[in-house]
Each structure stands twice: as C-alpha cells, then as structure tokens.
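Student: Line order of the protein sequences matches chains A and B.
In this text, residue positions in the first sequence follow this note's numbering: the first is 1, and each later residue adds one.
In this text, residue positions in the second sequence follow this note's numbering: the first is 1, and each later residue adds one.
This is the structure I have questions about; it appears just below.
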Amino acid sequence: MPDNLTREVRLMAENGSPVPRTEPAPPGVPQQAVFDVSGVAVYYGDFRAVRDVSLDVRQHEITAFIGPSGCGKSTMLRCFNRMNDLIDTARVEGDISYHGVDLYDPAVNPVEVRRRIGMVFQKPNPFPKSIYDNVAYGPKVAGAKGNLDDVVEEALQGAALWDEVKDRLKESGMSLSGGQQQRLCIARAIATDPEVLLMDEPCSALDPIATGRIEDLMVEIKERYTIIIVTHNMQQAARVSDRTAFFTTEVNEESDRRTGLLVEYADTDKIFTTPDDERTENYVTGRFG
Amino acid sequence: MTSLASNPTSYSLEDFHGSRSRMRKERIVRAVLFTAASTSIVISVAIVASLIGEAWTFVSQVELAALWTDGWFPRRGMYDVKTLVSGSLIVTVIAMAVAGPLGLGAAVYLSEYAPATVRKVVKPALEILAGIPSVVLGFFALTFLSPVIVQRLNDEATQFNIAAAGIGVGILTIPLVASISEDAMRSVPMALREASYGLGARKITTTIRVVIPAAVSGLVAAFIVAVSRAIGETMVVFIAAGATGGSLFSTDIFRPGQTMTAAMASQAAGTDQVRGAGLTFQSLFFVGMLLFLVTLVLNVLASRFVRRVRQAY
C-alpha cells in the first residue's frame with residue numbers, strides 16, 4: 001500500500017518521530033517486543049494500586065489483561081500512554097520502555113507518546129461533533145492540513161463503520177448506537193495511525209452482537225496494530241488474544257486496602273488450559289472472582 | 001379500627017381512610033409552602049403593575065418631541081431616552097470587555113489548569129469579590145480606577161467618567177462570569193477530555209476544541225446573565241459616572257454620563273419627593289419599565305441557553 005506508506009512517512013516527519021515503525025517479523029522469527037515492563041508499581045498518593053508487574057508486549061499480537069475488579073489492570077493499561085499523568089496524585093515506579101525508549105524519562109512528552117499509542121475507552125466517548133470531525137480530530141491536532149476525506153474514509157473503513165455512516169458523515173457522533181459509537185471511537189483512534197491500540201474494556205457497555213463485531217474487528221486489524229485489551233470477560237480474552245496476563249488482588253493487612261499484582265503471563269492457550277499458578281486456575285475455571 | 005392481624009381477605013373502605021387529623025396537617029403544610037412559593041410571583045406582578053400605571057401616564061401625556069432632545073433633564077421636561085439607553089449600553093460594553101476575558105480566563109484556569117490545592121484558595125477569593133457591596137466598588141472606581149487608570153490613558157478625562165464606571169461594573173461582574181462559566185466547563189464529562197488527550201492533544205487544544213465547544217451554551221448564558229447584571233447595576237455608575245440630576249447626550253467615555261439606573265436613583269435620592277416639573281416623577285417609571293423589559297428578555301434568553309447545556313451530552 002504505497003499510499004499508506006507515504007502517509008506514514010509524512011506523519012512521521014511532521015511529528016518528528018523518534019521511533020521508526022517496523023514491519024511484522026517474517027514467520028519463524030520471534031516477534032519483537034513493543035513494550036518492556038519491569039518491576040512496575042503505580043501509586044495514587046500513598047495508596048499502591050498495583051505492584052510487581054513485569055511483562056513484554058509483542059508486536060502485532062493481542063495481549064489481554066484479565067482479573068477481578070480492583071486488580072489494577074486498567075491502571076496498568078493507562079501507564080502505556082501516560083494517561084495516569086492526568087491524575088495529580090498518580091506516580092509510576094519501575095521501568096516501562098517502548099522500543100527501548102523509557103516512557104517515563106523526563107524528556108519524554110506524553111503528547112508525543114499518545115500520538116503513537118492510541119486508546120479506546122470503556123464507555124464510548126465520541127465528541128459532541130459530527131462523525132467526520134470526530135475522526136478528523138486526531139490528525140488535525142497532530143497538525144494535518146488540507147483535505148482529510150481520505151484519512152477519514154480509511155479510518156472508518158478500518159473500523160468497519162464506513163458502510164453504515166458514509167451517507168451521514170455530517171451527523172453528530174452521538175446519534176449513533178452504542179456499538180457504532182465504539183467503532184467510531186476505534187476509527188478516531190486509528191485515524192492518527194498509531195502503532196499500538198490500548199482498549200480498556202471496550203465492549204463492557206455493548207450488547208453481544210456489537211461485542212462480536214468489535215472482537216472480529218480486533219482480530220482483523222492486529223496485522224497493522226499491536227493491541228492491549230483489558231477485559232472482564234474471560235471468554236473474550238480466550239477468543240481474541242494471543243497472550244494473557246492474569247492479575248489479582250491482595251489485601252494489605254495494615255491498611256485493609258487492595259493492591260493488584262500480576263500473577264501469571266503466558267500464551268492465552270496455556271493460561272486457559274494449563275496455568276502454572278493455582279490462583280490463575282481458580283479464576284479461569286470460575287472458582288474465584 | 002379493624003384489626004390488621006389475621007384475616008386479610010375482607011377489607012372495607014374505612015380501613016383505607018387513615019387519620020383525618022394527619023390529612024388536615026398535610027393540607028396546612030401544603031398551603032403554607034404554596035404561599036411562600038407564590039409570594040415572589042405576587043411581588044413581581046405587583047412591581048410590574050405599579051410600573052405600568054405610571055409609565056402609561058408618562059407615555060400618554062408626554063410630547064413625543066421631548067423624548068428626542070439634547071439630553072436627559074427630566075426636571076426641565078427634556079426626556080431624551082437615547083441618552084440613558086446609550087449610556088447604559090456603553091457602560092455594559094466596557095464592563096463586558098473587562099469581565100468577559102477576565103472571567104472566562106479565570107474559569108478556564110480554575111476548571112482545566114488549577115491543581116486542587118490552588119482552586120481551594122482561588123475560588124473562595126473570587127466569591128469574596130462577589131460579596132463586596134457595590135457602593136464600595138463605586139468609591140473604588142471613583143478614587144482609584146478613574147485617576148490611576150482612566151486619567152492616565154487620557155489626561156483630558158474628567159474625574160467622573162463613564163469609563164471608570166464601566167470598568168467598575170466589569171469588576172463587579174467578573175465573579176459572576178467566572179462562576180457560571182466554570183460550572184459549565186466542569187460539567188463537561190471527563191471522558192471527553194480523556195478522549196482528546198488520548199489522541200495526543202495538548203491541554204490548550206483540548207480546552208479550545210473540546211471543552212469550550214461542549215460548554216458553549218453555558219458560557220453564553222454566563223455572558224447574558226452578566227450583561228443583564230451590568231445593565232441593572234446602579235451604585236457604581238451613580239457614584240463614578242458623575243452626572244447627577246441630568247446629562248447631555250454624549251458618547252465620550254472620558255466624560256460624565258448617565259445610565260437608566262443612575263437616572264432613576266439620582267432623581268429619587270435624598271428626598272421623599274421627586275422634585276421637578278410635570279412628568280418628572282412618571283418618567284422614572286417609564287425608565288424602570290424599559291429596564292425591566294431589557295433584563296427580562298436577557299434572563300429568558302439565558303435560561304434557554306442553560307437548558308440547552310443540560311441536554312448537550
């Protein structure tokens with residue numbers, strides 16, 4: 001796709017990209033790690049929300065974070081695009097590197113991070129703007145000038161929404177159904193041509209049919225993107241993901257507050273059939289959580 | 001009373017009457033509360049009625065030529081309405097030029113930028129500004145704004161001038177603009193900001209392209225309420241703008257001037273009788289009627305916009 005390539009090169013030049021994009025590794029060659037996480041803990045003030053997370057996220061795979069409520073999986077997800085920076089009291093300890101670049105180095109501008117690491121939220125949150133303007137927002141704030149029709153069409157097609165909305169691009173994004181709104185949010189996220197998509201329980205507000213469409217979409221687009229998804233739904237993790245991280249909570253004896261921690265991280269098949277840790281087995285077989 | 005105990009299959013109507021004295025109390029409570037709620041309406045109607053009577057006397061008896069003369073000198077039978085209306089308009093424009101940017105800037109800062117600790121200090125400080133009596137602000141306008149700011153901008157400005165009065169009214173309305181605008185912006189869901197930040201937008205971009213458009217009806221409402229307040233403000237203009245008994249028509253902001261409110265106050269001040277020939281007394285009701293209509297229209301507009309902001313997302 002030469003058109004795509006030129007657009008990528010153009011966006012890279014405009015953003016002053018510090019990280020070159022890489023093509024998927026050929027079969028047989030180990031997938032390259034996009035994120036390397038080691039010994040991460042996240043605090044809100046004095047409260048430690050999650051501790052001891054070490055894992056690597058591989059390119060062009062879907063990595064699922066599962067676990068009971070309060071286990072820190074969403075908190076962890078928000079570390080990858082510095083979204084926790086929006087909370088005054090949040091603090092991240094440990095190392096998170098993105099293609100070898102320390103994401104929490106003081107020289108790193110979170111705005112640049114978020115342009116290459118897109119996010120889809122739990123509740124569909126389209127802007128109260130037209131469908132077209134929703135999708136064009138990301139490229140515009142990144143400095144894209146001129147006609148964005150092609151970018152908008154490509155992103156909407158990438159999110160499998162184009163056929164449903166092509167005749168009403170000027171209508172408000174809020175006029176769509178819940179499932180359509182979430183696909184609009186996915187289109188909006190991929191319009192900036194990110195390398196990674198973070199999805200925070202993207203289907204929890206949707207009915208089973210809309211959920212199925214989003215899951216199909218994720219599997220379709222993983223050739224182009226690296227996806228990390230937080231989900232409460234174990235079947236969803238089993239259906240779509242390549243690798244799964246299981247988090248759980250432990251109660252701090254002194255403060256009686258819950259801290260999340262990573263229990264086990266492995267291929268999805270292994271997590272759901274022959275997990276190493278008893279806690280994982282109890283969770284995936286439904287005996288706990 | 002039949003027993004509530006064992007047999008639920010046969011009831012008579014009387015079982016459901018309940019206590020009569022309790023029902024009477026309910027009715028009394030409802031009547032008292034209704035009176036409280038309706039008093040304000042009755043008062044509003046009474047005010048309008050009292051205005052209409054005298055205003056009508058004025059309109060029906062005044063010579064039309066007297067409404068378009070060189071100035072507002074009711075004691076001499078010169079009722080030039082445009083002097084007062086333009087005076088009010090100029091004061092309001094100056095006030096909004098001061099309160100609009102400062103109030104909106106304060107609101108954006110408090111809602112989007114200020115850390116919780118700063119907001120805890122700045123917000124009450126703004127509310128203190130809102131609590132300053134307007135007569136105090138009037139003296140501030142006359143003794144500080146006029147010599148220190150206005151006369152420095154234009155050394156031919158008189159001590160009493162419209163500009164100082166306008167700035168004073170503007171200061172008075174800053175807290176109003178800031179507080180309503182901040183409420184409107186804070187009610188924009190956090191999810192919209194997160195969506196914007198998640199796409200790599202900066203804070204200022206998020207504020208200008210997402211938060212302000214989503215809050216725009218609330219911001220317009222803030223502006224309209226402030227305009228309505230500025231038009232109705234009396235004391236600051238009365239003290240700082242200078243023209244007491246009357247005023248020549250003038251659009252020079254560095255000279256004394258007269259607004260609708262100050263015209264009414266200056267005629268009625270210090271005496272139980274409004275002195276002056278002919279229709280002086282009635283003319284004040286006519287001006288009051290005008291003021292009432294202008295602020296009524298503005299308030300209706302504002303509440304429309306506020307209702308829209310609630311529907312937006």
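All residues carry an ideal CB built from backbone N, CA and C; glycine is no exception.
Everything numeric in this text was worked out from a predicted model, so none of it was measured.
Rounded to the nearest angstrom, how far is the Cβ of residue 199/B from that of residue 138/A, given a contact under 8 Å?
Tutor: Right, the Cβ-Cβ distance comes to about 4 Å (below 8 Å), so this counts as a contact.
Student: Assuming residue 67/A and residue 50/A form a contact by the criterion Cβ under 8 Å, report the distance between their Cβ atoms to the nearest whole angstrom.
Tutor: Actually they are not in contact, since the Cβ atoms of residue 67/A and residue 50/A sit about 10 Å apart, beyond 8 Å.
Student: Measure the alpha-carbon distance for residue 293/B versus residue 123/B and round it to whole angstroms.
Tutor: Going by the C-alpha atoms only, they are around 33 Å apart.
Student: Using the beta-carbon of each residue, which ones in chain A are nearer than 9 Å to residue 115/B?
Tutor: Going along chain A in sequence order, the residues near residue 115/B (Cβ under 9 Å) are 88.
Student: Would you kindly work out how many angstroms separate the C-alpha atoms of residue 106/A and residue 251/A, rounded to a whole number?
Tutor: Going from the Cα of residue 106/A to the Cα of residue 251/A covers about 33 Å.
Student: In angstroms with no decimal places, state the Cα-to-Cα distance between residue 14/B and residue 21/B.
Tutor: Distance between the alpha carbons of residue 14/B and residue 21/B is about 15 Å.
Student: By DSSP's criteria, residue 118/A is part of a beta bridge. Which residues make up the other side?
Tutor: Residue 118/A is bridged to 197/A.
Student: Report the three-state DSSP secondary structure of residue 183/B (helix, strand or coil).
Tutor: Correct three-state label for residue 183/B: helix.
Student: Would DSSP call residue 71/B helix, strand or coil?
Tutor: Residue state, collapsed to three classes: strand.
Student: Consult DSSP for residue 89/B and reduce its assignment to one of helix, strand or coil.
Tutor: Three-state DSSP puts residue 89/B in a helix.
Student: For residue 95/A, which three-state DSSP category applies?
Tutor: DSSP places residue 95/A in strand when its eight states are reduced to three.
Student: Comparing C-alpha positions only, which one of 70/A, 131/A, 262/A and 56/A sits nearest to residue 99/A?
Tutor: With distances taken between Cα atoms, residue 99/A lies closest to 56/A.
Student: When you compare each of 149/A, 225/A, 209/A and 172/A to residue 186/A by their alpha carbons, which one comes out closest?
Tutor: Of the listed residues, the one whose Cα sits closest to residue 186/A is 225/A.
Student: Find out if the Cβ-Cβ distance for the pair residue 242/B, residue 305/B is shorter than 7 Å.
Tutor: No, the Cβ-Cβ distance between residue 242/B and residue 305/B is not below 7 Å.
Student: Under a CB-based cut-off of 7 Å, is residue 224/A close to chain B?
Tutor: So no, residue 224/A is outside the interface.
Student: Give, in chain order, every residue of the stretch 185 to 213 of chain B whose Cβ lies closer than 8 Å to some Cβ of chain A.
Tutor: Residues passing the 8 Å Cβ filter: 189, 191, 192, 193, 194, 195, 196, 197, 198, 199, 200, 201, 202, 205, 209, 210 and 213.
Student: Would you call the stretch 205 to 214 of chain B and the stretch 158 to 178 of chain B touching, i.e. three or more CB-CB distances under 8 Å?
Tutor: Contact between the stretch 205 to 214 of chain B and the stretch 158 to 178 of chain B is absent, because fewer than three Cβ pairs lie under 8 Å.
Student: For residue 81/A, which residues in chain B fall below 8 Å Cβ to Cβ?
Tutor: Chain B residues near residue 81/A: 198.
Student: From residue 280/A to residue 83/A, what distance separates their C-alpha atoms?
Tutor: If I take the Cα positions, the gap works out to 28 Å.
Student: With a CB to CB cut of under 7 Å and the five nearest residues on each side skipped, what residues in its chain are close to residue 246/A?
Tutor: Around residue 246/A: 66, 67, 263, 264, 271, 280 and 283.
Student: Can you list, in chain order, the residues of its chain whose CB lies under 8 Å from that of residue 9/B, leaving out five sequence neighbours each side?
Tutor: Here the set comprises nothing.
Student: Just checking: is the beta-carbon of residue 158/A within a distance shorter than 7 Å of some beta-carbon in chain B?
Tutor: Judged by the 7 Å Cβ criterion, residue 158/A is not in contact with chain B.
Student: Applying a beta-carbon distance threshold of less than 7 Å, which residues of chain B neighbour residue 123/A?
Tutor: Per Cβ cutoff of 7 Å: 191.
Student: Okay, do the stretch 105 to 125 of chain A and the stretch 179 to 194 of chain A touch, 3+ Cβ pairs below 8 Å being the bar?
Tutor: As far as the Cβ criterion goes, the stretch 105 to 125 of chain A touches the stretch 179 to 194 of chain A, which means the pair count is three or higher.
Student: For residue 56/A, which of helix, strand or coil comes out of DSSP?
Tutor: In this structure, residue 56/A counts as strand in the three-state DSSP scheme.
Student: Between which two residues does the beta strand (DSSP E) holding residue 36/A run?
Tutor: From DSSP, the beta strand (DSSP E) with residue 36/A extends over 33 to 44.
Student: Using 8 Å as the threshold, is the stretch 143 to 162 of chain B in touch with the stretch 244 to 258 of chain B, meaning 3 or more CB pairs across them?
Tutor: With a cut-off of 8 Å, the stretch 244 to 258 of chain B and the stretch 143 to 162 of chain B count as touching, because enough Cβ pairs lie within range.
Student: Indicate the three-state DSSP secondary structure (helix, strand or coil) for residue 10/B in the structure shown.
Tutor: DSSP places residue 10/B in coil when its eight states are reduced to three.
Student: Looking at residue 201/A: is its Cβ nearer than 7 Å to the Cβ of residue 230/A?
Tutor: Result yes, Cβ atoms of residue 201/A and residue 230/A sit closer than 7 Å.
Student: DSSP three-state label for residue 205/A, please.
Tutor: If DSSP states are grouped into helix, strand and coil, residue 205/A belongs with coil.
Student: So with CB distances below 9 Å, who are the chain B contacts of residue 137/A?
Tutor: Those within 9 Å of residue 137/A in chain B are 195, 196, 199, 201, 209 and 210.
Student: Note down the Cα distance separating residue 21/A from residue 259/A, rounded to an integer number of angstroms.
Tutor: Any reading at residue 21/A needs caution, since the residue's pLDDT is 49, under 50, leaving its predicted position unreliable; the model's value is listed next. Approximately 36 Å between the Cα atoms of the pair.
Student: Could you tell me whether the Cβ atoms of residue 141/A and residue 155/A are closer together than 7 Å?
Tutor: Contact flag unset, no.
Student: Could you give the distance in angstroms between the alpha-carbon of residue 39/A and the alpha-carbon of residue 69/A?
Tutor: Rounded to the nearest angstrom, the two C-alpha atoms are 21 Å apart.
Student: Please list the partners that residue 115/A has in chain B, where partner means a Cβ-to-Cβ separation under 7 Å.
Tutor: Simply 200.
Student: With the cut-off set at 7 Å, would you say residue 279/B and residue 58/B are in Cβ contact?
Tutor: Yes. Within cutoff.
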